[in-house]
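Residue 34 in the UniProt record's numbering sits at position 34 of the sequence shown; the count goes up by one each step and never skips.
For glycine and all other residues, C-beta sits at the position ideal for the given N, C-alpha and C.
Data block below; observations after.
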Amino acid sequence: MEMQREIEVICGEVNISDLSAFLGKINTIASDNRVTIQGLNADLLAGEKHLHFAVGKALRAVASGKNVAKDPGVEIMRYAAGERQIERSFSIGLHEGENNAVFVLLGKIDGLLIALAELRKLIEEKPCSELLAYSSSKRKGILSLFGITDEEIKASGEEHIPELVIERVALANFVK
């Protein structure tokens, strides 16, 4: 897939009873429409800036041949999780049960439009601004995933947690 592609993002709630079956459906939609679809747990994203920064870093890595993951979707997940190790980045993916999900789609616009319509049948669409916004309900999961310490929070302030996350994303290739 060449780098000249569109990016679409859709957010919503989805109850996943069987993760492999759900991911299988997503992969089928992606391959049928020649697009990349990456699902992420919106509860572990510290705002729209976090998602946009991670996607940008991942796409630049792919474009320059510096990607760690062969799949652009996995590279997006790796950056979103602020991880160098692919295996550890899966912690920011979808899980069985109730999910506040964000799906990043990459591809040509005709394929993207069909894939978006198919995804809308699987999720209860919600505004991304609502699901991605950082809130105190996300705090515990985000601090744990990104290894943000009490000392860092004391030094920078509670309101700067999203910036500390973006710092982890920026350093994903250098740390761990």
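Three-way DSSP call (helix, strand, coil) for residue i in this model
i      : result
Ile123 : coil
Ile114 : helix
Leu105 : strand
Gly141 : helix
Ile166 : helix
Ile16  : strand
Lys176 : Its pLDDT being 48, under 50, Lys176 is placed unreliably by the model, and the measurement read from it follows with that caveat. DSSP places Lys176 in coil when its eight states are reduced to three.
Ile10  : strand
Ile148 : coil
Leu135 : Looking at the sequence itself, residue 135 is Ser, so the reference to Leu does not match. The answer is coil: DSSP assigns Ser135 none of H, G, I, E or B.
Assumed close pair residue i, residue j - CB separation to whole angstroms, cut-off 8 Å
i      : j      : result
Ala117 : Gly47  : Not really, about 27 Å apart at Cβ, beyond 8 Å.
Leu164 : Ser156 : 6 Å
Pro127 : Lys49  : Pro127 to Lys49, Cβ: 16 Å. No contact.
Ile29  : Leu119 : 7 Å
Residue i burial status per 10 Å Cβ neighbour count (16 or more: buried)
i      : result
Gly24  : exposed
Pro72  : buried
Asn41  : buried
Phe174 : exposed
Asn27  : exposed
Residue i vs residue j beta-carbon contact at 9 Å
i      : j      : result
Val14  : Asn99  : yes
Ile37  : Phe103 : yes
Gly82  : Ile16  : no
Ile92  : Leu131 : no
Ile7   : Val55  : yes
Leu106 : Arg5   : yes
Ile58  : Ile86  : Here residue 58 is Ala; the residue named in the question, Ile, does not match the sequence. Contact flag unset, no.
Asp43  : Lys108 : no
Tyr79  : Ala61  : yes
Distance cut-off 8 Å: residue i Cβ against heavy atoms of the ligand MG
i      : result
Arg139 : Among the components modelled here there is no ligand, and therefore nothing to report on the ligand MG.
Please specify which runs of the beta strand (DSSP E), each continuous and at least 3 residues long, are wholly inside the region 21 to 103, giving them in chain order. List check, beta strand (DSSP E) in window: 36 to 41.
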